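Here is the structure we will look at.
In the numbering used here, the protein residues as written are 131 to 335.
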């Protein structure tokens, strides 16, 4: 059931941490991007329903150059992060587009903001921002911190704490020749972008 699924995800996270710590070579593979996007959204459907958040997906029918398990972990972490900070009644969107030799996957939410920290630093393990009201002038707003209770239950709180999920997304993406970044963050929401290479090198289909 759900507990078994959660245990499997946590086991995968621990494996990822150990691999990163030991410098283990990445497992090579390829997977159907659209299928994994759909599966990751399904993984998070119950959590989203409990938060009164909708997940919408716009998949891309291409194969990417990393194992399905690794891509699924990345997407689950990003979607989980978005749900954690999305206001009730809003939508978390997961959209993939082709860009040269890679797929660009955007996970967008309508949350209230990454505050008190450089958005690039949310990928540091256990990163912390300043509390709401203490953010520096000109600081970014509108983002996502992963699974650490950084926002209010209704998504209205500021994002100031970040767990290990985003750090592991960054490590997994880099291990497979990809990258993740905060593409946009502001009072109306945040967009995380995950870029992963196509298995065929971007050849026309």
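The beta carbon of each residue, even a glycine, is placed where N, CA and C say it ideally should be. These numbers come from a predicted model, not from an experiment.
Candidates the options: closest to residue i by CA position
{"i": "residue 216", "options": "325, 319, 331", "result": "319"}
{"i": "residue 308", "options": "195, 187, 181", "result": "195"}
{"i": "residue 253", "options": "208, 169, 180", "result": "208"}
{"i": "residue 303", "options": "180, 203, 193, 176", "result": "203"}
{"i": "residue 241", "options": "234, 235, 219", "result": "219"}
{"i": "residue 248", "options": "181, 316, 178, 234", "result": "316"}
{"i": "residue 157", "options": "314, 331, 306, 326", "result": "306"}
{"i": "residue 296", "options": "331, 330, 250", "result": "250"}
{"i": "residue 169", "options": "244, 181, 201, 180", "result": "201"}
{"i": "residue 314", "options": "300, 255, 244, 299", "result": "244"}
{"i": "residue 191", "options": "161, 255, 299, 321", "result": "161"}
Beta carbon of residue i nearer than 8 Å to that of residue j
{"i": "residue 224", "j": "residue 185", "result": "yes"}
{"i": "residue 189", "j": "residue 205", "result": "no"}
{"i": "residue 324", "j": "residue 310", "result": "yes"}
{"i": "residue 167", "j": "residue 213", "result": "no"}
{"i": "residue 199", "j": "residue 187", "result": "no"}
{"i": "residue 339", "j": "residue 236", "result": "In the structure as shown, the chain begins at 131 and stops at 335. Residue 339 is therefore absent and cannot be evaluated."}
{"i": "residue 165", "j": "residue 328", "result": "no"}
{"i": "residue 233", "j": "residue 326", "result": "yes"}
{"i": "residue 159", "j": "residue 231", "result": "no"}
Under the three-state DSSP convention, the category residue i falls into
{"i": "residue 183", "result": "coil"}
{"i": "residue 304", "result": "helix"}
{"i": "residue 165", "result": "helix"}
{"i": "residue 190", "result": "coil"}
{"i": "residue 299", "result": "helix"}
{"i": "residue 171", "result": "helix"}
{"i": "residue 250", "result": "helix"}
{"i": "residue 226", "result": "strand"}
Range of the contiguous beta strand (DSSP E) that encloses residue i
{"i": "residue 322", "result": "319-327"}
{"i": "residue 235", "result": "232-239"}
{"i": "residue 314", "result": "309-316"}
>> Could you tell me which whole alpha helix (DSSP H) segments of length 4 or greater appear in the segment 197-224?
In response: If only uninterrupted alpha helix (DSSP H) runs of at least 4 residues are considered, those enclosed by the segment 197-224 are 198-215.
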